[in-house]
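>
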Amino acid sequence: MPTTAPITQDVLTIPRRAAPEGRMNLIGLTRAQLTDALRAIGTPERQVKMRAGQIWQWLYHWGVRDFAAMTNLAKDYRAKLAEHFVIALPQVVSRQISADGTRKYLLRIGGGHEVETVYIPEESRGTLCISSQVGCTLTCSFCHTGTQKLVRNLTAAEIVGQLMLARDDLGEWPVPGAPKNETRLVSNLVLMGMGEPLYNFDSVRDAMHVVMDHEGLSLSRRRITLSTSGVVPEIARCATEIGCLLAVSFHATTDAVRDTLVPINRKWNIATLLDALRAYPRLSNSERITFEYVMLKGVNDTDADARRLVRLIAGIPAKINLIPFNEWPGAPYERSDWARIEAFADIIHKAGYASPIRTPRGEDIMAACGQLKSETERARKSRAAIEAEARG
Ligand code: SAH
Ligand code: SF4
Numbered sequence: 001m002p003t004t005a006p007i008t009q010d011v012l013t014i015p016r017r018a019a020p021e022g023r024m025n026l027i028g029l030t031r032a033q034l035t036d037a038l039r040a041i042g043t044p045e046r047q048v049k050m051r052a053g054q055i056w057q058w059l060y061h062w063g064v065r066d067f068a069a070m071t072n073l074a075k076d077y078r079a080k081l082a083e084h085f086v087i088a089l090p091q092v093v094s095r096q097i098s099a100d101g102t103r104k105y106l107l108r109i110g111g112g113h114e115v116e117t118v119y120i121p122e123e124s125r126g127t128l129c130i131s132s133q134v135g136c137t138l139t140c141s142f143c144h145t146g147t148q149k150l151v152r153n154l155t156a157a158e159i160v161g162q163l164m165l166a167r168d169d170l171g172e173w174p175v176p177g178a179p180k181n182e183t184r185l186v187s188n189l190v191l192m193g194m195g196e197p198l199y200n201f202d203s204v205r206d207a208m209h210v211v212m213d214h215e216g217l218s219l220s221r222r223r224i225t226l227s228t229s230g231v232v233p234e235i236a237r238c239a240t241e242i243g244c245l246l247a248v249s250f251h252a253t254t255d256a257v258r259d260t261l262v263p264i265n266r267k268w269n270i271a272t273l274l275d276a277l278r279a280y281p282r283l284s285n286s287e288r289i290t291f292e293y294v295m296l297k298g299v300n301d302t303d304a305d306a307r308r309l310v311r312l313i314a315g316i317p318a319k320i321n322l323i324p325f326n327e328w329p330g331a332p333y334e335r336s337d338w339a340r341i342e343a344f345a346d347i348i349h350k351a352g353y354a355s356p357i358r359t360p361r362g363e364d365i366m367a368a369c370g371q372l373k374s375e376t377e378r379a380r381k382s383r384a385a386i387e388a389e390a391r392g
């Protein structure tokens, strides 16, 4: 039986944010919510679906930020929209570009909080690593984000906004009349930035529905991967309510070690987690689960670990992604030697699993996996103050 661990869920969830003058932000609303919002300002019932579709295209296909530019809408209707709504994205505080082309954005969101987003260009694809929370309530001992005390859930607008801002920076919105650009700069999305996405499920789900919509940002569900540390009760919802691919931060092959690395293991241990993965609704060879495994010198990287890992996941369509540990100031671990990582990969590979070693990217700008941490906690405020500021 899993023991009850002292895992707190003390997270601020900010209600849907209205601008200071009470105007609602349209970004991040699902189609149904957008339709309701238009109905609420008196859009006639026979038009409301069409208007929602038009606005949706302006926002998410063309990347337009100004109601005045929505030229297929009547002028007085545009004015009415501007009276009631805003199109608001997080504010880009800084952008750093690594020697390897990785870009890290620091974004400021409501309440003065900050989160980070990372763009990783590769030859055949471009991956955007987005955050779901400011900080993280979980305290994995090898993760920089886990050392950040203050945590607040991002809204759907703040999650979708990360992709929209990256497209702004990369100049990726379509130009009217220009030939369609078939190669996308942001072709893949991973929920692997700051935070535990399954502890902010509703906003993550709504944001992914916006991102996947065919008339807008239109990213395929198979190009989106959600990474969880193992929030067992929410895992199946990833398949049934979002439909994206799943990655699990496994990192250890015994409960004793996993308890220290990924403390949520004390609540849902390895056997419980594996049961949930075996029962995963979308499990198939074409949609394998990715097991993430951070390589920590002398902690979890022996041949015996590799063999145990293979035995544990038997029967689960899986790929094992080995992540060389990325250091951060004060980190209590070291990266395993390359020869060790390769020997570990080899055992897994010989057992019939793909075992890619994740190349660390953007290390010079602290953008690699597990290095993200914003300075928000320095300006720590009371819960009430944060909520008040976020509401405007
Ligand atoms: N909270 C989610 C997603 C964010 S972390 C989760 O834990 O799955 C994305 C991946 O980076 C996870 O597998 C995480 O365990 C790993 N990671 C965290 N810190 C790391 C570090 N310092 N070096 C390498 N990988 C790290
Ligand atoms: Fe949170 Fe994931 Fe970091 Fe663990 S690894 S502290 S769950 S962000």
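The sequence shown begins at 1 in our numbering and counts up by one.
We treat Cβ as the ideally placed atom computed from N, Cα and C, and that holds for glycine.
The model shown is predicted, which means the values in this text are computed figures rather than measured ones.
#1: When the distance is taken between beta carbons, is Tyr-293 closer than 8 Å to Leu-322?
#2: Is it a yes or a no for the stretch 228-245 touching the stretch 166-186, going by three-plus beta-carbon pairs under 8 Å?
#3: Over the uninterrupted alpha helix (DSSP H) stretch that includes Ala-207, give me the two end residues.
#4: Tell me, please, whether the stretch 264-272 touches the stretch 302-309 by the rule of three or more beta-carbon pairs shorter than 8 Å.
#5: How would you call Glu-122, buried or exposed, if buried means at least 16 neighbouring beta carbons within 10 angstroms?
#6: Are the beta-carbon atoms belonging to Val-93 and Leu-73 less than 8 Å from one another?
#7: Would you call His-251 buried or exposed, if buried means 16 or more other Cβ atoms sit within 10 Å of its Cβ?
#8: Is Met-393 near the ligand SAH, in the sense that its beta carbon is under 7 Å from a heavy atom of that ligand?
#9: Residue range of the alpha helix (DSSP H) that Ile-242 falls in?
#10: Check this for me: beta carbons of Arg-125 and Asn-188, under 8 Å apart or not?
#11: Excluding the 5 residues preceding and the 5 following Glu-158 in the sequence, name in chain order all residues of the same chain whose CB lies nearer than 7 Å to its CB.
#12: Around the C-beta of Val-160, are 16 or more other C-beta atoms found within 10 angstroms, so that it is buried, or is it exposed?
#13: Mapping the DSSP letters down to three states, classify Val-257 as helix, strand or coil.
#14: Closest to Arg-65 by CA distance: which of Leu-26, Lys-297 and Glu-342 is it?
#15: May I ask which residues mark the beginning and end of the beta strand (DSSP E) holding Gln-96?
#16: So, for Glu-363: in the same chain, excluding its five sequence neighbours on each side, which residues have a beta-carbon less than 8 Å away from its beta-carbon?
#17: Pair every Cβ in the stretch 146-154 with every Cβ in the stretch 26-43, then say whether three or more of these pairs are closer than 8 Å.
Let me spell this out:
#1: Against a cut-off of 8 Å, the Cβ pair of Tyr-293 and Leu-322 comes out as a contact.
#2: Contact annotation: the stretch 228-245 does not touch the stretch 166-186, with fewer than three C-beta pairs closer than 8 Å.
#3: Unbroken alpha helix (DSSP H) run through Ala-207: 201-212.
#4: Three or more Cβ pairs closer than 8 Å define a contact, and the stretch 264-272 falls short of that threshold against the stretch 302-309.
#5: Within 10 angstroms of the beta-carbon of Glu-122 lie fewer than 16 other beta-carbons, which makes it exposed.
#6: No, Cβ-Cβ distance for Val-93 and Leu-73 is not below 8 Å.
#7: Its Cβ being crowded by 16 or more others within 10 Å, His-251 is buried.
#8: Any property of residue 393 remains undetermined from this structure, which presents the chain solely from 1 to 392.
#9: From DSSP, Ile-242 is part of no alpha helix (DSSP H); its letter is neither H nor E.
#10: Cβ atoms of Arg-125 and Asn-188: closer than 8 Å.
#11: Counting only residues of its own chain and dropping the five nearest sequence neighbours on each side, Glu-158 has a CB closer than 7 Å to the CB of Pro-90 and Ile-109.
#12: So Val-160 counts as buried.
#13: Note: Val-257 maps to helix in three-state DSSP.
#14: Taking Arg-65 as reference, the option from Leu-26, Lys-297 and Glu-342 with the minimal CA-CA separation is Leu-26.
#15: Run containing Gln-96: 91-97, per the beta strand (DSSP E) assignment.
#16: The beta carbon of Glu-363 is closer than 8 Å to those of Ser-98, Asn-326 and Gln-371 in its chain, skipping five residues each way along the sequence.
#17: Cβ pair count under 8 Å is below three, so no.
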